[in-house]
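One structure below.
Number of protein chains: 8
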Amino acid sequence: MVVMDWDREQRTGVAEAVLAANKSPAQLETIVGAAIDKGRRLLLTRLDAEVFSALDVKTRAALDYDAISRTAFAGGIVPLKATGVGIVAAGTSDVAAALEASRTLAFAGHEAPVIADVGVAGLWRLIERRDELVRFRIVIAVAGMEGALFSVVAGLVPAPVIAVPTSVGYGVAEGGAAALHAALASCAPGVTVVNIDNGFGAATAALKMLRLA
Amino acid sequence: MVVMDWDREQRTGVAEAVLAANKSPAQLETIVGAAIDKGRRLLLTRLDAEVFSALDVKTRAALDYDAISRTAFAGGIVPLKATGVGIVAAGTSDVAAALEASRTLAFAGHEAPVIADVGVAGLWRLIERRDELVRFRIVIAVAGMEGALFSVVAGLVPAPVIAVPTSVGYGVAEGGAAALHAALASCAPGVTVVNIDNGFGAATAALKMLRLA
Amino acid sequence: MVVMDWDREQRTGVAEAVLAANKSPAQLETIVGAAIDKGRRLLLTRLDAEVFSALDVKTRAALDYDAISRTAFAGGIVPLKATGVGIVAAGTSDVAAALEASRTLAFAGHEAPVIADVGVAGLWRLIERRDELVRFRIVIAVAGMEGALFSVVAGLVPAPVIAVPTSVGYGVAEGGAAALHAALASCAPGVTVVNIDNGFGAATAALKMLRLA
Amino acid sequence: MVVMDWDREQRTGVAEAVLAANKSPAQLETIVGAAIDKGRRLLLTRLDAEVFSALDVKTRAALDYDAISRTAFAGGIVPLKATGVGIVAAGTSDVAAALEASRTLAFAGHEAPVIADVGVAGLWRLIERRDELVRFRIVIAVAGMEGALFSVVAGLVPAPVIAVPTSVGYGVAEGGAAALHAALASCAPGVTVVNIDNGFGAATAALKMLRLA
Amino acid sequence: MVVMDWDREQRTGVAEAVLAANKSPAQLETIVGAAIDKGRRLLLTRLDAEVFSALDVKTRAALDYDAISRTAFAGGIVPLKATGVGIVAAGTSDVAAALEASRTLAFAGHEAPVIADVGVAGLWRLIERRDELVRFRIVIAVAGMEGALFSVVAGLVPAPVIAVPTSVGYGVAEGGAAALHAALASCAPGVTVVNIDNGFGAATAALKMLRLA
Amino acid sequence: MVVMDWDREQRTGVAEAVLAANKSPAQLETIVGAAIDKGRRLLLTRLDAEVFSALDVKTRAALDYDAISRTAFAGGIVPLKATGVGIVAAGTSDVAAALEASRTLAFAGHEAPVIADVGVAGLWRLIERRDELVRFRIVIAVAGMEGALFSVVAGLVPAPVIAVPTSVGYGVAEGGAAALHAALASCAPGVTVVNIDNGFGAATAALKMLRLA
Amino acid sequence: MVVMDWDREQRTGVAEAVLAANKSPAQLETIVGAAIDKGRRLLLTRLDAEVFSALDVKTRAALDYDAISRTAFAGGIVPLKATGVGIVAAGTSDVAAALEASRTLAFAGHEAPVIADVGVAGLWRLIERRDELVRFRIVIAVAGMEGALFSVVAGLVPAPVIAVPTSVGYGVAEGGAAALHAALASCAPGVTVVNIDNGFGAATAALKMLRLA
Amino acid sequence: MVVMDWDREQRTGVAEAVLAANKSPAQLETIVGAAIDKGRRLLLTRLDAEVFSALDVKTRAALDYDAISRTAFAGGIVPLKATGVGIVAAGTSDVAAALEASRTLAFAGHEAPVIADVGVAGLWRLIERRDELVRFRIVIAVAGMEGALFSVVAGLVPAPVIAVPTSVGYGVAEGGAAALHAALASCAPGVTVVNIDNGFGAATAALKMLRLA
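Residue numbers (the numbering used here), protein chains in the order written: chain A, 1 to 213; chain B, 214 to 426; chain C, 427 to 639; chain D, 640 to 852; chain E, 853 to 1065; chain F, 1066 to 1278; chain G, 1279 to 1491; chain H, 1492 to 1704.
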């Protein structure tokens, strides 16, 4: 049996989310059903399209599902407000993690645009958008491979930068450790880091920071 | 020759600091002298006591030096305000990194108390201080060994938690990788992480977050 | 040909168990048949559901199989006695390893309840059950991700704590090394550790400890 | 300031010990003085001979110090009883960790003999002492290099075996990871493991197990 | 095009063998056809059963194939002589690598018996066969998990011991690194080591040693 | 006895250099003496200042020594020509490796300026010098920490970029692996990489490339 | 949406290529269509045969596809000139990476022959072709396993050697790290290295070097 | 107390040797004294010059000490016979391990010449001595850095090749893992490997092989 922590939001400022990976369709149906019965909203992450398809009709109907970010909302959506969080993704392959962050913020009512394909090898594409970037109050930067984006962005903007290394890459970059270490070792101060591919974690950190405002 | 980035504060929100490790006394004397001549304040980190002792009299007199945190201020101190940053350190050996964070915040005018010896093995010591912890707007958590403190603190407080893993420990904990991985893999959402022993980085991230308020 | 060590129990206090992984259905049928012919009981571990399904009817009929823990008993079950072993699992995904431990103990006649979903991020769920936990004479703690549960439980209970790190997790936690290192580096003394996902090993260690009583 | 957890013994079954490594002589003098003032006994571990020599006369006089195990007792010794814990060390270089375990047990009143130089390369030396080994109720096995001792001992005795890998060795064995992995991967069930060089941890685990009797 | 080194045997004492892994059926058919045309014998290793099945009828008919060891002989077999090489395998799962060694030796005319299931956890099974073991002139020892077999065997027999670590195992033993490190760090002198799962390499080393006789 | 490969230059395009690390003063005196007797020029690398000081007077007089790059020339210097190699170093601590490259090029008659303190955190310092950078025909980029410089420079200039990761850094960057992986995983194509701290290797690669012109 | 960097060639000397891995057929069809509409040539790498087959007819017709190297050209081919780049591959399994390099060079109009099966174990095969090798102006060396080829080739030829380690191999060589480290640690100066399996990167580096001529 | 295994030679074919590292002068004096009293010869390895100097006069007089190989013989030397073992060392820094092997063989009466400075970067130096190399019955190859020597030598000679990787090197080669992996992954069959810097182990393996003759 899965025991939900329905009071987590009050205690820690972040509503409980359910990591769908490693859970069976039956377990997920129970969890979603309980949330709906209690009249609570719920965020599911790492919900693969095949698992979503395997859920019963009633559960699927109750979910707002997005396949690229592998996220689902139970209990409806809320209106979005632009509160200053921007998400920057180095390459096409980093978009999944970027959208996981964006959807997590959207679940909580925050609109966070994703600026993609601004990798460092095409530095001008990034610098051309500098005026846009400096207006963000919080920046989530998402990159795999060598992770140079983290240092470059943090050198350009005054906002806190939350780095999401991704597992995109091959050879020494396989699994994301190279990007993770680049984020942690960044010579640009003020960068903080979450686990590899953890767009959800970056978004919840951003939510906590927004409460400071 | 060392080229200073005197305008970094304006561009990125964080004044340039000088990593004193790997710099000779002569280089440090030049940098400090230049800061004073320009009427600028400067923070030095990782300034070992032996290197400080090797500086010339004039430079030493110009610095406010703290041996435990290995930090020095050039250009004088500023009055401190309590702005809601709290620092929690698991054990006695984690205090050096905690004080590096505290001094970096103090350099920028923020008073950040250090609560030490609240490791998880003595969980009650931590829980007893919960009322104090929940009042912080930002928490910097500092721990080596197995780094369980990060998850426990993030499960207790609503504030953003910045984790500083330390290199304290032996065997599998040597060098700090165990604590680093614990911080990144924390099951408590909203934790962000900086490099091992990087109290300075945690403080600069906190400074960027405080600008949100 | 597989050579069984039928006298191991007498010599080492633990009956031989068969690691079914990497063995063919034919090999397993032979081993189970031999045990039944000799009138001996036998525990099989890591017996995947597909392999169990591929066994011949006679062998399947001779086995008490549990799919989640991937364990099977040949030679019947024995009545269970509550002898004070408790199993604590951090999350839903840790239950498989927890049940491997529980079934191994049950094979030997010991009833060991599994308390699940008491991860550290919801610290109160764990603390609320403290009265229950302190009554156990031996605690097996099962956790993946950052493994903070090991230190927290060992800080709460006087019993020996046997830590089972699990391979649950992603990024730096993938494969279980982060949880393993957290267990080994625990600042709470008295924790001992077994290999990743080794619920069987934890249970056999508990069996040896119970002989001390 | 160091905050002691004087009530840990009552709560977890193990008295607080002080890891002297990374503490200054002044800090240690304060801690020892406080223990004596409160009339409490205290165990110090990892107290190097040079640091012991640097303590003031009063503190040194208050301590029962052993240089090989780097342990010290404050508050006097207690009479020893033979309660069935045996310690087996593979080579000469493993004796320091073995004695750390023995002294920790002695601090708590348990006599635990150390059987040294019974490495696996001279298997007969070990087998010749089998009658002695099988009489122990708990065995602490200490080995570096390839750590074959753990499996061999656990295959010989019915008692729980607590493995202490040591950092003795060079090349692939440097730092103790090879011995640690050998202990964790042991094909002999019932072995539990503590961190590299952690004789203290093995002894505290043994103390918790002895409470089962 | 694959360029064969038909003269390798004369130059280095070992006939060329073909690593079938990563080669297409068409490439293998060409290589085997060329060997037969030239009237040469050829050993193929790592030839999976599916790939063997995908070869054309003529090639399959020309090969003496063994599925467990994944080896095939082209050009016929030679009469076997007992020349004193023995192979010892710790567990059932190590038999594949042991048979790769045995078949490689058989290809060259040497009979090498495989003694299986003599792991260290059942030490007596190994010691009972000591008289048999000491008669071997060369011993190939095959083990995964913690690899304690290497040290134990080398402590029992006067012959050179060639260790083949295997990738059998899970957790810290996954992939074979734990067994490899145990072999290299063995405290029993005179052990030499080959790559993980490299039964072929161990056999070719034994062939070179036999030329010394 | 050290056997010199005096004909290497003719065969491979690069004169033999002597790695002074791990050689005794006596060995170095012999090597330098032999070079002078044969009328050959010789480059020594990794010659620490203490070892240089320990050489006899005659040898020291025969050497053109530079302490920061730890290089020495025997047999005199040659006039320098500007041939288009530029060296870019991220921080003050990277200058040693940068100068090892510059001196190696100078030994062969090429003038290679070092542009230092152009790290990515101060991106404008780097971009301001872009006109200077694009004129180089070959760029050697030297950086430790997170190594973002490699990708940024390779995104700015058309020349081949040879990356020299340095061991500067702490935590995850300690020893240089983070910078090495960043260089290898760079998303900017056309970057090639040498070993950590290997300024000499980068320079010899540049020399080989210059022969193409 | 994928943002192409159509001006990269002018700025950095290398035309943009598209890493097809992790991109959907629909994304690839859009990219190829845009290139054709703009009248631009485009190189696709890591385009698996299954993904190529899944493209629509029009896109497939527009591409010159090679399955072994997994590369495709859009916008037609250009006449090839022999400009002195040679590619040397140690074994059959290294040919895929070698052909990725060769095709990348062909896309840019350079003919680069691949010399395969010249591994070090058959040293004479390599030495016999020395006259051919020394005529190359740039050598790309491709090898997995232990990567001895890199040092041997660099000891034979005066040209710059670009090493491409491959992920071919098992045990300690799995994934290519052993070959990568051999390339970086090569005692033959003048070797530069690219990421594991990165034939494309080696070719683009060669293209940059050819501009020096 | 150190327990010697005086009968090891009879049982395993190799006399016991004493690893002097980590033993105190007093311990070594006792061991050497006991050997002399019993009229036995004894080999000491890893005996640093400073430790040798710290031994008492009587012990030093009883030892035949060699500082480069850090070995000492107690009980006199024996006449040497040339029995066909050759030792090949890649560079000057590999000579210490090569001499440890040579001295171990000399202790047992075998003369084993060391051929030094035949690294692969100067391939001709090695090939020029091929006639000499092919006459050896057993070859011990010693190399650090990238370890290409192992494959090259094994491709040239018909004898068994025992590889001794050394810890010589920096960057990715630091500590010897790159050379170790090169030895294990060698594409030249028949190479066996010992631990990093373990010249003693290679020699004892050679001694066991010589008994085959």
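Where a beta carbon is used, it is the ideal one built from N, C-alpha and C, also for glycine.
query                                                                                                                                             : result
Partner residues on chain A for valine 594 (chain C), Cβ-Cβ distance less than 8 Å                                                                : Asn22
Coil, strand or helix - lysine 1359 (chain G) by DSSP                                                                                             : strand
Interface flag, glycine 815 (chain D) vs chain B, CB-CB below 9 Å                                                                                 : yes
Runs of alpha helix (DSSP H) lying entirely within the segment 1610-1663 of chain H, each at least 4 residues, in chain order                     : 1614-1619, 1621-1625, 1639-1647
Near-chain A residues of the segment 512-541 of chain C - C-beta to any C-beta below 8 Å                                                          : Thr518, Ser519
Start and end residues, beta strand (DSSP E) containing leucine 318 (chain B)                                                                     : Counting along the chain, leucine 318 (chain B) falls outside any beta strand (DSSP E), though it belongs to the alpha helix (DSSP H) covering 308-320.
Contacting positions in the segment 688-701 of chain D - beta carbon closer than 9 Å to chain C                                                   : none
Collapsed DSSP secondary structure at glutamate 881 (chain E) in the structure displayed                                                          : helix
Closest by C-alpha distance to valine 275 (chain B), when choosing among B:Val301, B:Leu293, B:Ala354, B:Gly246                                   : Reading off the sequence, residue 275 (chain B) comes out as alanine, not valine. The shortest Cα separation from alanine 275 (chain B) among B:Val301, B:Leu293, B:Ala354, B:Gly246 belongs to B:Gly246.
Contact set between the segment 1036-1056 of chain E and chain G, restricted to residues whose Cβ is under 7 Å from the partner                   : Asn1047, Ile1048, Asp1049, Asn1050
At least three beta-carbon pairs within less than 8 Å, the segment 1269-1276 of chain F to the segment 1192-1205 of chain F                       : yes
Beta-carbon contacts of phenylalanine 320 (chain B) that lie in its chain and below 7 Å, excluding the five residues immediately before and after : Leu256, Phe286
Identity of the residue in E:Ala942, E:Gly999, E:Asp889, E:Val947 nearest glycine 927 (chain E) by Cα                                             : E:Asp889
Interface flag, isoleucine 1205 (chain F) vs chain A, CB-CB below 9 Å                                                                             : no
Same chain, Cβ closer than 6 Å to tyrosine 278 (chain B), five either side skipped, listed in chain order                                         : Phe265, Ala285
Three-state class that DSSP yields for leucine 1701 (chain H) in the structure shown                                                              : helix
Through-space distance from alanine 446 (chain C) to alanine 49 (chain A), alpha-carbon basis                                                     : 32 Å
Cβ contact (3+ pairs, closer than 8 Å) linking the segment 500-520 of chain C and the segment 21-29 of chain A                                    : yes
Straight-line gap, glycine 808 (chain D) to alanine 1375 (chain G) (C-alpha atoms, nearest Å)                                                     : 40 Å
Neighbour-count burial assignment, proline 160 (chain A), 16 or more Cβ in a 10 Å radius                                                          : buried
Partner residues on chain D for isoleucine 869 (chain E), Cβ-Cβ distance less than 9 Å                                                            : The question names isoleucine, but residue 869 (chain E) is alanine in the sequence shown. Simply none; closest approach about 28 Å.
Option nearest lysine 1572 (chain H) by Cα separation, candidates H:Ile1653, H:Ser1593, H:Ala1580                                                 : H:Ser1593
CB contact below 9 Å: glycine 810 (chain D) versus chain H                                                                                        : yes
Start and end residues, alpha helix (DSSP H) containing alanine 406 (chain C)                                                                     : The structure shown does not extend to residue 406 (chain C), since chain C spans only 427 to 639, so no value can be given for it.
Beta-bridge partners of glutamate 111 (chain A), as assigned by DSSP                                                                              : A:Ala82
Coil, strand or helix - isoleucine 920 (chain E) by DSSP                                                                                          : coil
Glycine 414 (chain B) versus proline 1357 (chain G) - alpha carbon distance                                                                       : 54 Å
Identity of the residue in H:Arg1531, H:Glu1619, H:Thr1536 nearest alanine 1508 (chain H) by Cα                                                   : H:Thr1536
Chain B residues whose Cβ lies nearer than 8 Å to that of isoleucine 162 (chain A)                                                                : Thr405
Listed by chain order, chain D residues near alanine 639 (chain C) by CB distance under 9 Å                                                       : Leu851, Ala852
Alanine 1456 (chain G) and glutamate 1424 (chain G) closer than 9 Å at C-beta                                                                     : yes
Residue from C:Ser593, C:Ile588, C:Thr618, C:Gln453 with nearest C-alpha to valine 511 (chain C)                                                  : C:Ile588
Cβ-heavy atom distance, glycine 758 (chain D) to the ligand HEM, below 8 Å                                                                        : This structure does not include the ligand HEM; it has no bound ligands of any sort.
Leucine 42 (chain A) - DSSP class collapsed to helix/strand/coil                                                                                  : strand
is_contact[leucine 896 (chain E), chain H] using C-beta, thresh 9 Å                                                                               : no
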